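Residue numbers (numbering that gives the first Met the number 0), protein chains in the order written: chain A, 0 to 354; chain B, 0 to 567. Written out below as structure tokens is the structure these notes cover.
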Amino acid sequence: MEAIIAEHIVKSFGSVQALADISLKVESGEMFFLLGASGCGKTTLLRCIAGLEIPSSGKILFGNQEVTQMPPHKREAAMVFQSYALWPHLTVGQNIAFGLEERKVPKPEIKRRVDEALEMVKLPGFGERSIDQMSGGQQQRVSLARALVVKPKCLLLDEPLSNLDAQLRVEMRREIRRIVKENGLTGIYVTHDQEEALAMADRMAVLHAGTISQVGAPETIYRSPRSAYVANFIGETNLISGNVLDVKERFVLAQTALGPLVARITDPDWLPQSGESIQLSIRPEAWRLHQPSGDNAVQGKIVERSYLGQRIQYWIETAGGRQQVVEMNPHIIHEPGEATIMLHARHDDAIALKS
Amino acid sequence: MKRGPALIIASTIILLFLVFFFYPAGMVVKQAFQGTAADGSTIWTLAFFNSVFSNPIYREGLWNAFALGIVSTAATLAISLPLALIGHRYDFFGKPVLGVLVLAPLILPPFVGAVGVKQMLGVHGALNAGLIDLGWMNAQAPIDWLANGRFLGIVLMNALHLYPILYMNIAAALANLDPAMEQAAENLGCPPWKRFLRITMPLAMPGIFAGSSLVFIWSFTELGVPLVFDYARVAPVQIFDGLKSLDKNPIPYALTAILLIVATVVFALAKCVMGRSPLGTAPRPPARANTHRLRGWKSFLCSGFFIGVFLIASIPHIGVVLLSLANRWYGTLIPDSLTLRHYIEALGNGLVVPSIQNSLMYAGCATLIALFIGLGVAWVVVRSNLKFRNALDAMVMLPLAVPGLVMAFGYLALSQEGKAFHFLLGADGNPFFLIVIAYAVRRLPYVVRAAVAGLQQSNPMLEEAARSLGASQFRMMRRVAIPLIGANLAAGSILSFAFAMLEVSDSLILAQQAEHYPITKAIYTLLSTLGNGTELAAALGVWAMVFLSAAIMGAAVLGGKRGGLFKV
Numbered sequence: 000m001e002a003i004i005a006e007h008i009v010k011s012f013g014s015v016q017a018l019a020d021i022s023l024k025v026e027s028g029e030m031f032f033l034l035g036a037s038g039c040g041k042t043t044l045l046r047c048i049a050g051l052e053i054p055s056s057g058k059i060l061f062g063n064q065e066v067t068q069m070p071p072h073k074r075e076a077a078m079v080f081q082s083y084a085l086w087p088h089l090t091v092g093q094n095i096a097f098g099l100e101e102r103k104v105p106k107p108e109i110k111r112r113v114d115e116a117l118e119m120v121k122l123p124g125f126g127e128r129s130i131d132q133m134s135g136g137q138q139q140r141v142s143l144a145r146a147l148v149v150k151p152k153c154l155l156l157d158e159p160l161s162n163l164d165a166q167l168r169v170e171m172r173r174e175i176r177r178i179v180k181e182n183g184l185t186g187i188y189v190t191h192d193q194e195e196a197l198a199m200a201d202r203m204a205v206l207h208a209g210t211i212s213q214v215g216a217p218e219t220i221y222r223s224p225r226s227a228y229v230a231n232f233i234g235e236t237n238l239i240s241g242n243v244l245d246v247k248e249r250f251v252l253a254q255t256a257l258g259p260l261v262a263r264i265t266d267p268d269w270l271p272q273s274g275e276s277i278q279l280s281i282r283p284e285a286w287r288l289h290q291p292s293g294d295n296a297v298q299g300k301i302v303e304r305s306y307l308g309q310r311i312q313y314w315i316e317t318a319g320g321r322q323q324v325v326e327m328n329p330h331i332i333h334e335p336g337e338a339t340i341m342l343h344a345r346h347d348d349a350i351a352l353k354s
Numbered sequence: 000m001k002r003g004p005a006l007i008i009a010s011t012i013i014l015l016f017l018v019f020f021f022y023p024a025g026m027v028v029k030q031a032f033q034g035t036a037a038d039g040s041t042i043w044t045l046a047f048f049n050s051v052f053s054n055p056i057y058r059e060g061l062w063n064a065f066a067l068g069i070v071s072t073a074a075t076l077a078i079s080l081p082l083a084l085i086g087h088r089y090d091f092f093g094k095p096v097l098g099v100l101v102l103a104p105l106i107l108p109p110f111v112g113a114v115g116v117k118q119m120l121g122v123h124g125a126l127n128a129g130l131i132d133l134g135w136m137n138a139q140a141p142i143d144w145l146a147n148g149r150f151l152g153i154v155l156m157n158a159l160h161l162y163p164i165l166y167m168n169i170a171a172a173l174a175n176l177d178p179a180m181e182q183a184a185e186n187l188g189c190p191p192w193k194r195f196l197r198i199t200m201p202l203a204m205p206g207i208f209a210g211s212s213l214v215f216i217w218s219f220t221e222l223g224v225p226l227v228f229d230y231a232r233v234a235p236v237q238i239f240d241g242l243k244s245l246d247k248n249p250i251p252y253a254l255t256a257i258l259l260i261v262a263t264v265v266f267a268l269a270k271c272v273m274g275r276s277p278l279g280t281a282p283r284p285p286a287r288a289n290t291h292r293l294r295g296w297k298s299f300l301c302s303g304f305f306i307g308v309f310l311i312a313s314i315p316h317i318g319v320v321l322l323s324l325a326n327r328w329y330g331t332l333i334p335d336s337l338t339l340r341h342y343i344e345a346l347g348n349g350l351v352v353p354s355i356q357n358s359l360m361y362a363g364c365a366t367l368i369a370l371f372i373g374l375g376v377a378w379v380v381v382r383s384n385l386k387f388r389n390a391l392d393a394m395v396m397l398p399l400a401v402p403g404l405v406m407a408f409g410y411l412a413l414s415q416e417g418k419a420f421h422f423l424l425g426a427d428g429n430p431f432f433l434i435v436i437a438y439a440v441r442r443l444p445y446v447v448r449a450a451v452a453g454l455q456q457s458n459p460m461l462e463e464a465a466r467s468l469g470a471s472q473f474r475m476m477r478r479v480a481i482p483l484i485g486a487n488l489a490a491g492s493i494l495s496f497a498f499a500m501l502e503v504s505d506s507l508i509l510a511q512q513a514e515h516y517p518i519t520k521a522i523y524t525l526l527s528t529l530g531n532g533t534e535l536a537a538a539l540g541v542w543a544m545v546f547l548s549a550a551i552m553g554a555a556v557l558g559g560k561r562g563g564l565f566k567v
């Protein structure tokens, strides 16, 4: 297993720039996610790594070896396609054996390894079936087996679960992660589903308009987003604009329409100045109800609620507009129109962002 | 669509097919097996087949037809497969224009093209004259490029005329492949040429087979080209020659039945290979294509190949155009002097103007009928839930498999005095209804494919929305459904009209009196007229060419993606 390094990748299609100077390093044995809205360039980046696109400029390295111009069939980077791309004129076993035949593996070994691969994806004895006889989830497993059986340097997954129904998707998440980890593979996984990324990734990169917004572990990205875009794209959040009054260590005191609020600075390269206008991000679950008022406390009135079983969601009208608030495992259910209610956010949970 | 109306439409169409398609075809086969015993009663017999196979002339005719089919198909494949593959894989200089130019052969009826080829490549044709002028050939011993003016000439003409149909079939099959199919193989370490053999070819095989089977059936039963080349030892011409003595001579029945049986077997074989899985085709929206942009000499090499094919395919056209303009053209590279007099004279000829009127009438009515039936079939196939709707779709495509010659022969036999279709003949033997029906049945597949494609792309919710706003079924069709697929219908109709105008077998066989001749029979008759008949025929052929190219361009613009209309 080798690390995968992208250096200053630029890719243009005609006048459209799909990737604008992207650099990142995926560590060996890591499950790395590329996450972003459609059109952000995540699939293009994956296809550059697979060799299906050649970057307009920049370098791609597998370990110490540069592969930027290497044709895809020599890269040893096996890919799982969104549409599975299983060949309907070959059986399940023949599909899986294809890559081994290309590598001139002896026949008996091919048979053994195909059986092993089928075992690994929990489809033992399905080798003789035709592709048409397989369900969507089974096809997904076959295409995974076909990519894994050649023991690739890395595994590239292009939205592999987007064609499955919700329940199967959750099951396959754990399955794919297990297989990648058991085989000690370096995996790069493209998705637009943030839950999938949070649940499966060791680290992830959020892409926006052809650039990387932030790279980090799921909990870092969620708890310490460094831009309003990331805070909004991963999970939900309340964005509040304000002006800096004071900065102390890594915390900022800002004047907002809700009153003065203290918030944590996440971007290590940024030190806000007094008077600078900034944005504050407070997640719905970071607002706590019925806390004794101290600083970071805000008064509001419930205008709407929706009950979701495990949690309850409120929209609360405050002096600075509506705030979304989520309470887990609620004991008391408030009705809209009740008397005023107090909201409170811990300093750690309020994030100060450049506006 | 409600079950009731769907059932009514479907059963009407099936009934029409039973009467005007299965009955004539079946009658031909039946007649071939039916003889008169010594006591005057009718008996089943293999006697006619025996006499066909024991007669060396008929044996040779069948063998020649079969060989023409095989060799023409191979030649056609040799031209169209590289064209389609290069077009699929590469982007090169001038591709959009060249992709249309190579369809040029479609605009010339093949037997008119054969006249042009004879002028260009014949022993005393333009090529030899040019070579002699250059001193590269001995004027006393010119080379016969068409190999006795026969077999190879017909193969050349067939291949040059038919490769666009195969090219479009293969191109459509390749375009429908999911690009991820090839990318997955590439990703697993498969080099380009192996990828082609192991993935692309097997997946495109159904399209290649389907197209090849059409080409085989067409050249196997081709009548016009061998007639023009005076190649009498081939089954279709033998059938044509035997028509005059149909009541006494059962041999044409047996020959026609053999042609039909071979064609059906070939078509069925192709359908078996067609057992295609929907999995290999492109998802919507399709993944990024695998087309590589070529630069420099490689790009020009591809352009050069397309241009070369186009130039060779234009030989018949150039021959016909020059011939129509020539005062006299014999044994020289180009005619000595040019004139427009043939065009003017052609319009004065007693055959020409009525034949144009006849053809417009025949083709126009046939297209209307095909459009009407085709729309009904498409509606049932796409919008109803009848169990047999796919069988209905397959049934209306069958006219592609049955040679025009067989159908024409069946109609002619059935319209004899005392036979079932005799009432369709007009008072003075006017074959109007027969020809219109024959044209309509054979052109139906084009309209059905166009209408089915249109309906599949148009969202049924748009129709339901109109119904929910209170529009009646009829009003919904008129205001919403038909306008939405109007372009497809127009494209299919234009094509079927154009092909009906230039139809050969039905026209040659069914029109007996000069005043009922369609264009193609008029051209054929002019060809055998002494004096300047050939030049007049060429002039009429040029008119046909101009007309058909305008029609096909219109269809291409309306139909959008070319190729879709010709897919089986």
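Ideal placement from N, C-alpha and C gives every residue a C-beta, glycine not left out. Note that the structure is a prediction, hence the values are computed from the model and not measured.
Proximal chain B residues relative to residue i, where beta-carbon distance stays under 7 Å
{"i": "E101(A)", "result": "L187, G188, C189"}
{"i": "A49(A)", "result": "N186"}
{"i": "G98(A)", "result": "L187, G188"}
Run of the beta strand (DSSP E) containing residue i, from where it starts to where it stops
{"i": "K73(A)", "result": "Premise fails: K73(A) is in no beta strand (DSSP E) and is neither H nor E."}
{"i": "D245(A)", "result": "237-247"}
{"i": "P190(B)", "result": "Looking at the DSSP string, P190(B) is not in any beta strand (DSSP E), and its letter there is neither H nor E."}
{"i": "C153(A)", "result": "153-157"}
{"i": "I164(B)", "result": "I164(B) -> not in any beta strand (DSSP E); alpha helix (DSSP H) instead, spanning 150-174."}
{"i": "D427(B)", "result": "From DSSP, D427(B) is part of no beta strand (DSSP E); its letter is neither H nor E."}
{"i": "A204(A)", "result": "202-207"}
{"i": "G35(A)", "result": "30-35"}
Residues that residue i contacts on chain A, provided the C-beta gap is smaller than 7 Å
{"i": "D177(B)", "result": "S82, A84"}
Distance, residue j Cα to residue i Cα
{"i": "R283(B)", "j": "P178(B)", "result": "Residue placement at R283(B) is flagged as unreliable, the pLDDT there being 47, under the threshold of 50; the coordinate-derived value follows with that caveat. Whole-angstrom Cα-Cα distance: 12 Å."}
{"i": "L254(B)", "j": "V51(B)", "result": "7 Å"}
{"i": "V376(B)", "j": "L391(B)", "result": "8 Å"}
{"i": "N54(B)", "j": "S313(B)", "result": "39 Å"}
{"i": "A183(B)", "j": "M78(A)", "result": "7 Å"}
{"i": "V154(B)", "j": "L535(B)", "result": "26 Å"}
{"i": "Q118(B)", "j": "N175(B)", "result": "41 Å"}
{"i": "I522(B)", "j": "V265(B)", "result": "32 Å"}
{"i": "D537(B)", "j": "G453(B)", "result": "Going by the sequence as given, residue 537(B) is Ala instead of Asp. Near 38 Å, if we compare the C-alpha coordinates of G453(B) and A537(B)."}
{"i": "F496(B)", "j": "R46(A)", "result": "47 Å"}
{"i": "S11(A)", "j": "L18(A)", "result": "7 Å"}
{"i": "R321(A)", "j": "A230(A)", "result": "18 Å"}
{"i": "L547(B)", "j": "F97(A)", "result": "48 Å"}
{"i": "K150(A)", "j": "L268(B)", "result": "41 Å"}
Integer Cβ distance of residue i from residue j, believed to fall under 8 Å
{"i": "S71(B)", "j": "L165(B)", "result": "That belief does not hold up - the Cβ atoms of S71(B) and L165(B) are roughly 11 Å apart, past 8 Å."}
{"i": "Q356(B)", "j": "P430(B)", "result": "Incorrect: roughly 15 Å between the Cβ atoms, too far for contact."}
{"i": "I8(A)", "j": "P54(A)", "result": "5 Å"}
9 Å Cβ cut-off: residues of chain A touching residue i
{"i": "L202(B)", "result": "W86, P87, H88"}
Residue i - containing alpha helix (DSSP H), residue span
{"i": "T219(A)", "result": "217-222"}
{"i": "A46(B)", "result": "46-53"}
{"i": "A322(B)", "result": "Just to set this straight, residue 322(B) is Leu in the shown sequence, not Ala. 314-324 is the span of the alpha helix (DSSP H), which, as asked, contains L322(B)."}
{"i": "I518(B)", "result": "518-526"}
{"i": "H341(B)", "result": "340-347"}
Proximal chain A residues relative to residue i, where beta-carbon distance stays under 8 Å
{"i": "M180(B)", "result": "A84, W86"}
{"i": "I198(B)", "result": "W86"}
Interface partners of residue i on chain B, CB under 8 Å
{"i": "M78(A)", "result": "Q182, A183, N186"}
{"i": "V149(A)", "result": "L187, G188"}
**OP:** Determine which residues of the stretch 51-71 of chain A have a Cβ less than 7 Å from any Cβ of chain B, and write them out in chain order.
**Re:** L51, P71
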